[in-house]
Amino acid sequence: MNDSPGWATPGSSPSDGERPGTESGAREQPAQATPPAADPKWSAEQPPPGQWSSPGTTPPAAPQAQPGPTGWGQQPGTPQTGPYGSQYGYPGGPGQWGQPPAAKPGVIPLRPLGLGEILDGAVATMRTHWRSVLPITLVVATVVQVISVIVQKFMLDDLAFAATPEAGPDELIDSLGSTLGASAVIQFIQFLGTILVTAMLTMVFSRAVLGQQSSVSGAWRESRPQLLRLMGLTVLMALGAVLLGAVLIVPGILAESVGLAFLGLALWVPLLFWLGIKFVLASPALMLEKSTVLKAFARSSKLVKNTWWRIFGISALTTIIAFFVSAMIVAPFQIISLLAFSGGLDAMEDGSGMSNWGVLIGPAIGLIIAQTIVMPFQSGVTVLLYVDQRIRREGLDLELARAAGLENYGTTGG
Numbered sequence: 018m019n020d021s022p023g024w025a026t027p028g029s030s031p032s033d034g035e036r037p038g039t040e041s042g043a044r045e046q047p048a049q050a051t052p053p054a055a056d057p058k059w060s061a062e063q064p065p066p067g068q069w070s071s072p073g074t075t076p077p078a079a080p081q082a083q084p085g086p087t088g089w090g091q092q093p094g095t096p097q098t099g100p101y102g103s104q105y106g107y108p109g110g111p112g113q114w115g116q117p118p119a120a121k122p123g124v125i126p127l128r129p130l131g132l133g134e135i136l137d138g139a140v141a142t143m144r145t146h147w148r149s150v151l152p153i154t155l156v157v158a159t160v161v162q163v164i165s166v167i168v169q170k171f172m173l174d175d176l177a178f179a180a181t182p183e184a185g186p187d188e189l190i191d192s193l194g195s196t197l198g199a200s201a202v203i204q205f206i207q208f209l210g211t212i213l214v215t216a217m218l219t220m221v222f223s224r225a226v227l228g229q230q231s232s233v234s235g236a237w238r239e240s241r242p243q244l245l246r247l248m249g250l251t252v253l254m255a256l257g258a259v260l261l262g263a264v265l266i267v268p269g270i271l272a273e274s275v276g277l278a279f280l281g282l283a284l285w286v287p288l289l290f291w292l293g294i295k296f297v298l299a300s301p302a303l304m305l306e307k308s309t310v311l312k313a314f315a316r317s318s319k320l321v322k323n324t325w326w327r328i329f330g331i332s333a334l335t336t337i338i339a340f341f342v343s344a345m346i347v348a349p350f351q352i353i354s355l356l357a358f359s360g361g362l363d364a365m366e367d368g369s370g371m372s373n374w375g376v377l378i379g380p381a382i383g384l385i386i387a388q389t390i391v392m393p394f395q396s397g398v399t400v401l402l403y404v405d406q407r408i409r410r411e412g413l414d415l416e417l418a419r420a421a422g423l424e425n426y427g428t429t430g431g
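Quick note, in the numbering used here, the sequence shown goes up one by one and the last residue is 431.
Laid out in structure tokens, this is it:
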């Protein structure tokens, strides 16, 4: 029995001595007093209630209803009522026993999701809503890679100059400074691109759950008010990881104790994993609930509680899939560019061939293609994980059904 909100158990059935259609509180007369043939309401071959015999045979005594796994005492053939309306579970009939199929207005059914449904929902959104997903990821990935290639070109030129025998200490220091600066610029551009893609794709996926179309302009308009908060959330998570590492590792370094430093590192890595999963749903919570940064952290912690391993497994599998997809796409471009433009083994050894435009552009093209595919997949899994956890804990399926325009979804039928 799923005791999550929004998944109420069906209501009680009529008692053994009652029939559907009789007056409220009225009890049927015994079969001896009113033979089936004399009662105009029922067929002459209708068996008494609660019996499994076929028409025309002598029915056995009515068995006492046994409570099922959810504590119900349903008799075969009596109507079940519940959050999805009435259904009749006659033996061999189309209803059978159990819940009817969940509504699916968009890319996922409105019920707790399995692993396959989460992954399939992310892929289905990319395929169905590609007119919105593709431009967002393609444009952002292209801008990020173009800037990265230009920065890497000048950074690698400085490194090649610093590697020459004529270079002095001042040139080496300048080269190191420019390298660090270039790396910081690349990371900052990628950071901004990731924030923008995450914010806009969250809105696209949230509408795909409802079966609604999205546009690039609409996704931008809906995500723009939360962009600064999303940036603050991401920066706060990064700073928290760095500070945690400093608290655990730096004391061992200052004490010049390798063992203490190693112990701090051994504690830091699992804590990073634990906190990363604990707050993995903070981003969709921030964007979709229009909350603040601190409330988003609290919401993610609440939704992940008691399901850490499940969310960790799904997130880890998503990361592995994304890694292999990216590697398969980027590797051929990288190999071809090295063979065609690096200038041979000597140029690769002294570093002069690595600053060639062809060597830089080839992998960048592969990265653009890979990120166009991988970024929406990872973002989609995170959003659907958030939706799944809210369905399980807060009955979000009923709210989503109403938002999708499904009338009477979740109401009790008679």
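Glycine included, C-beta positions come from ideal geometry on N, C-alpha and C.
- At the C-beta level, phenylalanine 171 and leucine 401 stay beyond 8 Å of one another.
- Contact between alanine 278 and glycine 269 holds: their C-beta atoms lie close to 3 Å from each other, under 8 Å.
- Spatial neighbours of phenylalanine 296 in its own chain (CB-CB distance under 6 Å, excluding positions within 5 residues in sequence) are listed in chain order as Phe314 and Ser317.
- A Cβ-Cβ separation of about 7 Å places glycine 138 in contact with glycine 397 under the 8 Å criterion.
- A distance below 6 Å between beta-carbons, with the five flanking residues on each side excluded, links threonine 219 to the following residues of its chain, in chain order: Pro301, Met304 and Val400.
- Taking all protein chains in view, the Cβ of serine 234 is surrounded by fewer than 16 other Cβ atoms within 10 Å, so the residue is classified as exposed.
- With respect to the 8 Å criterion, isoleucine 338 and isoleucine 294 are not classified as neighbours on the basis of their beta carbons.
- In terms of CA proximity to threonine 154, Met392 leads the group Met392, Val404 and Asp405.
- In this structure, the alpha-carbon of leucine 253 lies about 12 Å from that of alanine 299.
- A direct Cα-to-Cα measurement between arginine 409 and alanine 272 gives close to 49 Å.
- Three or more Cβ pairs closer than 8 Å define a contact, and the region 340-355 meets that threshold against the region 378-388.
- Between leucine 127 and leucine 417, the CB-CB gap stays under 8 Å.
- In the three-state DSSP reduction, leucine 209 falls in the helix class (H, G or I).
- Distance from the CA atom of asparagine 323 to the CA atom of glutamine 169, rounded to whole angstroms, is 45 Å.
- By the neighbour-count criterion, in which a residue is buried when 16 or more other Cβ atoms sit within 10 angstroms of its Cβ, glycine 281 is buried.
- Methionine 143 is classed as buried because its beta carbon has at least 16 other beta carbons within 10 Å across all chains shown.
- Only residues of its own chain outside the window of five on either side were considered, and among them Ala278, Gly281, Leu282 and Trp285 have a CB closer than 8 Å to the CB of isoleucine 266, listed in chain order.
- If you draw a straight line from the Cα of glutamine 230 to the Cα of glycine 422, it comes to about 14 Å.
- Glutamine 406 places its beta carbon 8 Å or farther from that of alanine 158.
- Residue environment analysis places threonine 215 among the buried positions, since at least 16 neighbouring C-beta atoms fall within 10 angstroms of its C-beta.
- For proline 242, the three-state secondary structure derived from DSSP is helix.
- Bounds of the alpha helix (DSSP H) holding serine 396 are 374-411.
- Straight across, the Cα-Cα distance linking valine 161 with glutamine 204 is about 10 Å.
- Here serine 240 is not near isoleucine 206, since their CB atoms are 8 Å or more apart.
- Residue burial is scored here from C-beta neighbours: phenylalanine 394 has at least 16 other C-beta atoms within 10 angstroms and is therefore classed as buried.
- A residue is called buried when at least 16 other Cβ atoms come within 10 angstroms of its Cβ; serine 200 does not meet this threshold and is exposed.
- The beta-carbon distance between valine 124 and valine 404, rounded to whole angstroms, is 10 Å. This is too long to meet the 8 Å contact definition.
- Distance from the CA of methionine 345 to the CA of arginine 419, rounded to the nearest whole angstrom, comes to 42 Å.
- By the neighbour-count definition (other C-beta atoms within 10 Å, threshold 16), threonine 335 is a buried residue.
- Rounded to whole angstroms, the Cβ separation of isoleucine 390 and valine 342 is 6 Å, and the two are in contact under 8 Å.
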